[in-house]
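K.L.:
Counting from 1 along the sequence shown, just add 21 to a position and that's the residue number in the numbering used here.
All C-beta atoms in this analysis are idealised placements derived from N, C-alpha and C, irrespective of residue type, glycine included.
Small disclaimer: the values here were computed from a predicted structure and weren't measured.
Following this message is one structure expressed as C-alpha cells.
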Amino acid sequence: MRERRLKPEIGREFAYRLQMVDDRYLSPFLLQMALYSAIEATQRIIGISSVAVRARVEFQETPQAMQLEDMYAGEGNVPQQASVGVAIPLAFLLQSGFEELRLKAVQLEVEVYEERRTWKIDQVWPSRKQVRPGEPVELTIVLVGDNGAERVERVRYVVPIGARTGPLYFTVSDANTANLAELRHWINHQPRTPSELIAFLNRLRTNTRAYVRVWRPLPSYTVRGQALPAPPPSVAVILGSGQSVLGGASASYESKIGELEIDGGSAVIFGSRTVAVQVQE
22 MRERRLKPEI GREFAYRLQM VDDRYLSPFL LQMALYSAIE ATQRIIGISS VAVRARVEFQ
82 ETPQAMQLED MYAGEGNVPQ QASVGVAIPL AFLLQSGFEE LRLKAVQLEV EVYEERRTWK
142 IDQVWPSRKQ VRPGEPVELT IVLVGDNGAE RVERVRYVVP IGARTGPLYF TVSDANTANL
202 AELRHWINHQ PRTPSELIAF LNRLRTNTRA YVRVWRPLPS YTVRGQALPA PPPSVAVILG
262 SGQSVLGGAS ASYESKIGEL EIDGGSAVIF GSRTVAVQVQ E
C-alpha cells in the first residue's frame, strides 16, 4: 500500500490522506479517481471553472522526484481534465520498463476557481527592427482574456556580443508549443536510466507561463537526449555525417539562443506569435 495526499483549496481548505494499491497499471487509474472524487466532494463539476494542480511523486529506489505544475480551464468537467493530466505522466513513468520506479508517495495541492482563467497571446512586436550586437531589444506582448480583458507584458533581451549578422527570431508561445520545439527529439530517444526519464518530465514547462524562445535558423543537434545548439563547424561535420561515436545524433534547423519567461498569474496561457529583428554589424 502507498499513501497519497490530496489537498484541494478554495476559500476553505480540505486535506485528505489516502492509501491505495501499489501497481504500475492500477495506481495511475486509482490516482485519477481519487483526485476527481476529492474535487467533486466540495466543488461543482459542471460549468465554468479553473483547476490548478501541483504534484510531487516520490519513488522508493530513486532519489529524484517527479514534479508537475499545470492549470486547466474551461466550461465543462474541468476536474476530469485535471485528474487525467496527473495520471498520464505517472502511467508513462510506471509503464516505462524500469523496475526501480516503484511508488513511495504522491502529494497533490489543488486550487479551484469558479471562473475561466485564461490569457491568449494576441500580439507581439519588437521595439526595433534592426539591432547591433550588445544592444537591447524590448518585446511588447499583448495578452487578451475573457470579457475584453487585456494585459500588456514587456521583456528585454540583449543581443550577445559577437552575434553573427542576419535574422534573429523571437517566438512567444505557450508551454505546449515550447515543449514541442525543444523536446520533440525525445520521440526517438530511449532513456537509459529512471533519473533521465524523470528529468525529462521535470523539464516540461508549466502552462501558466508564456515562453519567449530566441532562435536562429542554424543547425542544431541532439545527442543522447541533450540539445547541442549551433556547434562549431568541426563538430557539426562529425554529427552530420552520422558517424559520431556518441551515437543517436539528430539534426534540426532551429538553434535556440536563449529563453525568457512571462508569468501568467494563476491563469492558462495559450497561443503563439513569432517576430524577427535583423542583426547588423
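Measure the beta-carbon distance from Pro157 to Arg177 and round it to whole angstroms, keeping in mind my assumption that it falls under 8 Å.
P.N.:
The Cβ separation is near 5 Å, so the contact holds.
K.L.:
Give, in chain order, every unbroken run of the alpha helix (DSSP H) that is at least 4 residues long and sits entirely within the region 98–142.
P.N.:
Runs found: 99–115.
K.L.:
Between Arg213 and Ser194, what straight-line distance do the alpha-carbon atoms span, to the nearest angstrom?
P.N.:
Taking the straight line joining both Cα atoms gives about 31 Å.
K.L.:
Excluding five sequence neighbours on each side, which residues of the same chain lie with their C-beta closer than 7 Å to the C-beta of Glu82?
P.N.:
Closer than 7 Å at the Cβ level, and outside the excluded window around Glu82, lie Glu121 and Arg123.
K.L.:
How many Å lie between Leu115 and Glu34 at the Cα?
P.N.:
If you take the alpha carbons of Leu115 and Glu34, they lie about 31 Å apart.
K.L.:
Please tell me whether Arg175 and Thr161 are closer than 7 Å, where the distance is taken between their beta carbons.
P.N.:
Yes, Cβ-Cβ distance for Arg175 and Thr161 is below 7 Å.
K.L.:
Enumerate, from N- to C-terminal direction, the unbroken beta strand (DSSP E) stretches of 3 or more residues contained entirely within the region 186–212.
P.N.:
Whole beta strand (DSSP E) segments, 3+ residues: 187–194.
K.L.:
Go ahead and pull the three-state DSSP assignment for Tyr46.
P.N.:
Reduced to three states, the DSSP call for Tyr46 is coil.
K.L.:
Between Ala73 and Glu135, is the Cβ-Cβ spacing less than 7 Å?
P.N.:
The answer is no: Cβ separation not under 7 Å.
K.L.:
Is the number of C-beta pairs between the region 220–238 and the region 87–99 that are closer than 8 Å three or more?
P.N.:
In short, these stretches touch, since the Cβ pair count reaches three.
K.L.:
Could you give the C-beta distance for Arg137 and Ile69, rounded to a whole number, given that I count them as a contact under 8 Å?
P.N.:
About 5 Å; that satisfies the 8 Å criterion.
K.L.:
Check this for me: beta carbons of Gly118 and Val300, under 7 Å apart or not?
P.N.:
No, they are not a contact pair.
K.L.:
Based on the DSSP output, what are the partners of Thr295 in its beta bridges?
P.N.:
According to DSSP, Thr295 bridges with Thr192.
K.L.:
Between the alpha carbons of Val180 and Val152, how many angstroms are there, rounded?
P.N.:
C-alpha separation (whole angstroms): 8 Å.
K.L.:
Whole angstroms are fine: how far does the CA of Ala184 sit from the CA of Thr295?
P.N.:
Cα to Cα, the separation comes out at about 20 Å.
K.L.:
I'd like the list of long-range same chain contacts for Val107, defined as Cβ closer than 8 Å, with 5 residues on each side in sequence excluded.
P.N.:
For Val107, where only same-chain residues beyond five positions count, the Cβ hits under 8 Å are Leu52, Gln53, Leu56, Val74, Ala76, Leu89 and Leu129.
K.L.:
For Glu159, count neighbouring C-beta atoms within 10 Å of its own C-beta (all shown protein chains included) and say buried if the count is 16 or more, exposed if not.
P.N.:
That one is exposed.
K.L.:
Would you mind working out which of Thr198, Gln40, Leu218 and Glu96 sits nearest Met87, comparing C-alpha positions?
P.N.:
Closest by alpha carbon: Leu218.
K.L.:
Would you say Val78 and Val127 are within 7 Å of each other, going by their C-beta atoms?
P.N.:
In contact: Val78 and Val127 (Cβ atoms closer than 7 Å).
K.L.:
Using a Cβ-Cβ cut-off of 7 Å (strictly less than) and excluding sequence neighbours within five positions of Pro215, which residues of its own chain qualify?
P.N.:
For Pro215, where only same-chain residues beyond five positions count, the Cβ hits under 7 Å are Thr83, Phe119, Glu121 and Leu122.
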